[in-house]
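Novice:
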Amino acid sequence: MIGSAVAVLPAVISSDTDLMGARFVVAGSVSIAGVTTFFRRRPGKPIPANIEANRILVVEWQDSLAVVVSENERRKSDVQVLVTAGTPIITEGAGR
Numbered sequence: 000m001i002g003s004a005v006a007v008l009p010a011v012i013s014s015d016t017d018l019m020g021a022r023f024v025v026a027g028s029v030s031i032a033g034v035t036t037f038f039r040r041r042p043g044k045p046i047p048a049n050i051e052a053n054r055i056l057v058v059e060w061q062d063s064l065a066v067v068v069s070e071n072e073r074r075k076s077d078v079q080v081l082v083t084a085g086t087p088i089i090t091e092g093a094g095r
């Protein structure tokens, strides 16, 4: 949209056949406005609604983490390994 304005505004502003100078004026004005706006609005200001939403997400995550940790502890305490050996079979001459 800004690119269209840079292309069209010089024709509106100037009636010359040579619109190069007017294009530079418009492009420069748009650039200066963009840089000024960037530095005027300082990035990194906390937004209270986002802070609260993130706090809620962290609390929910910590609750689910606690559930997983307790489930893992329960499973570790309930581990049983049972090895049952069958009746020994003697084979003759297979490995000799």
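With numbering that gives the first Met the number 0, the residue at position 85 of the sequence shown is 84, and numbering never jumps.
Note that CB positions come from ideal geometry on N, CA and C, so glycine has one too.
(1) Between the C-alpha atoms of Ala65 and Lys75, what's the straight-line distance to the nearest angstrom?
(2) Tell me which residue opens and which closes the alpha helix (DSSP H) that Glu59 is part of.
(3) Quick check: the Cα distance between Glu70 and Asp77, rounded to an integer number of angstroms?
(4) Please classify Val24: does DSSP put it in a helix, a strand, or coil?
Specialist: On the basis of the supplied data:
(1) Here residue 65 is taken as the residue at index 66 of the sequence shown, counted from 1. Here residue 75 is taken as the residue at index 76 of the sequence shown, counted from 1. Between Ala65 and Lys75, the C-alpha separation is close to 15 Å.
(2) Stepping through the sequence shown from its first residue, residue 59 is reached at position 60. That run of the alpha helix (DSSP H) goes Pro47 to Ser76.
(3) Counting from 1 along the sequence shown, the entry for residue 70 is found at position 71. Counting from 1 along the sequence shown, the entry for residue 77 is found at position 78. Approximately 11 Å between the Cα atoms of the pair.
(4) Sequence index remark: in the sequence shown, residue 24 carries index 25 (1-based). Helix.
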